[in-house]
Every structure is written in C-alpha cells, then in structure tokens.
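Numbering that gives the first Met the number 0 puts the first residue of the sequence shown at 0, with every later residue one more than the last.
Note that beta-carbon positions come from the ideal geometry of N, C-alpha and C, so glycine has one too.
Everything on this sheet refers to the single structure shown next.
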Amino acid sequence: MRRNSAAALVAVTVLTVWLLAGCEGLRFVQTAEEAKDFRPKSIGVLPADVGIYRDARGKVDGIITEVLTGTKWYVTVVGGEEIRRRIEANEDLRKSVDVYLAKLRELNFSDPELCKAIAELCGIEAVLIPTVDVWEYTMLAGDKIARVGISMRLVDTRTGKTMWRAGHQVTEEYRFLKPELTGMGRSMVRKMIDRMPH
Numbered sequence: 000m001r002r003n004s005a006a007a008l009v010a011v012t013v014l015t016v017w018l019l020a021g022c023e024g025l026r027f028v029q030t031a032e033e034a035k036d037f038r039p040k041s042i043g044v045l046p047a048d049v050g051i052y053r054d055a056r057g058k059v060d061g062i063i064t065e066v067l068t069g070t071k072w073y074v075t076v077v078g079g080e081e082i083r084r085r086i087e088a089n090e091d092l093r094k095s096v097d098v099y100l101a102k103l104r105e106l107n108f109s110d111p112e113l114c115k116a117i118a119e120l121c122g123i124e125a126v127l128i129p130t131v132d133v134w135e136y137t138m139l140a141g142d143k144i145a146r147v148g149i150s151m152r153l154v155d156t157r158t159g160k161t162m163w164r165a166g167h168q169v170t171e172e173y174r175f176l177k178p179e180l181t182g183m184g185r186s187m188v189r190k191m192i193d194r195m196p197h
C-alpha cells in the first residue's frame, strides 16, 4: 500500500512540474526546417497590423525594434517606424508591401518576388511581420484584466519562405492600478524573440 502511494505521489509531482514547465512556453511556435541555416545580417520590422487595437499602433513596432536591437544578432535593424516613413515616401515600396500583405492575409501566400522588392527597397535580408491579436483592458467574469496578445512571422526575403511563426498572449488581473500594456508587451516580445531563429 505504501509503495503504491509513493509511486502515485511521484507521478503526480512529475506531472505537475511538467505542466507548470509547459505553461512557460509560447501559445504556438512553428519553425521551418531550413531555419537552422538561416542567418540574416539585417532585418526589417513591418508596421504591426493592430486591427481594432489602435492604442497599440507604433508601440508594438517600437518594442519589437528595441528588443531586436538589444539582441545584437543583426548588423542592421530597420524598425517599423522607419519602414512606415519609407512606405510613405516611396510609392513602389508602398505598393509592394500592400500587395504582399494582402496576399499573405487572404491567400496565406508569401510572394517571393514582392519579398525581393521589399528587401531591395529596405536593404534587409529578413522581414518580421507582427500582428496585434489583443491589446486591452476588459472585464472577464467580474474581474478586471489586462490582455496583450501578439503574433509574429519571420520571412526570408530572398525566397519568401516563412522561417518562423509564433504567437503568445498574457493576461494580468488587477484591482485598482492598471498594469502597463506596453510593459506586458515588452516582456512577452522578449520571450518570443528568444525563440526566434537568428
């Protein structure tokens, strides 16, 4: 009887540790097999698609650019704000980015020719495409919560191949003082970028 109780206790402990360790991962991560050989020296961050979460506009791009620059993995990091300025100033770049993102969104097709055009016009070897899934303060079952969710896609601009995709969401409950969404986003982006091939 004691032997069975001890074995059950060990099994429950191992299962609990395993489940808790799993909670530390990202919501989803998908890495292409070719990513192990993917070593770009320059990367561009497209302006994030914020959807209905207009408060996130510019903030997410800035956070991602800051985190990528801090890694020192790349010789050049062209941030979302800089790419936004280039898009406004260059009609060819604007058309290339608009059509590329439309094909990616509607057809799940990463057009290699448009990738090459974006790469040439921005001087980058890889592009990171962020999407804001959620960025809000809300109520859930009577509790006040802050939620931040971001998805990212890393594309090799030479081939148009998606090398890595990831998404994650964090939720924080609060009573009086609202947690800063930017701080929550920064912490989450660091965690995501740590899992990105480079």
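Taking the Cα positions, F175 is about 45 Å away from E124. The beta carbon of M162 sits closer than 8 Å to the beta carbons of T30, A31, E33, A34, F37, A125, L153, V154, D155 and P196 from its chain, once the five residues preceding and following it are set aside; these are given in chain order. In this structure T64 is buried. Its beta-carbon is surrounded by 16 or more other beta-carbon atoms within 10 angstroms.
Measuring C-alpha to C-alpha distances from D142 to each of E171, P129 and L103 identifies E171 as the nearest. Residue nearest to Q168 within the set D97, S186 and V98 is S186 (criterion: CA-CA distance). Among the bridge pairs identified by DSSP, E171 is matched with A145. DSSP assignment within the stretch 102–151 yields the following whole alpha helix (DSSP H) runs of 4 residues or more, N-terminal first: 111–121. S150 is the residue among E179, S150 and G159 whose C-alpha sits nearest the C-alpha of V28. Apart from the 5 residues on each side of it in sequence, R85 sits with its Cβ closer than 6 Å to the Cβ of L92 in its chain, given in chain order.
If you look at V77, you'll find it in the beta strand (DSSP E) that goes T75 to V77.
Look at the stretch 15–99 and you find these whole runs of alpha helix (DSSP H), each 4 residues long or longer: 58–70 and 79–88. Residue pairing for G166: DSSP places it in a beta bridge opposite F27 and S150.
T161 sits in a strand when the DSSP states are folded into three classes. Boundaries for M195: no alpha helix (DSSP H) harbours it, and the DSSP string shows neither H nor E there. Leaving aside the five residues that flank L25 on each side, the residues in its chain whose CB is nearer than 8 Å to its CB run, in chain order, A165, G166, H167, K190, M191 and R194.
Around G148, the same chain offers D132, V133 and Q168 as residues with beta carbons nearer than 6 Å, after the five sequence neighbours per side are excluded. Per the coordinates, the alpha-carbon of E135 lies some 11 Å from the alpha-carbon of G184.
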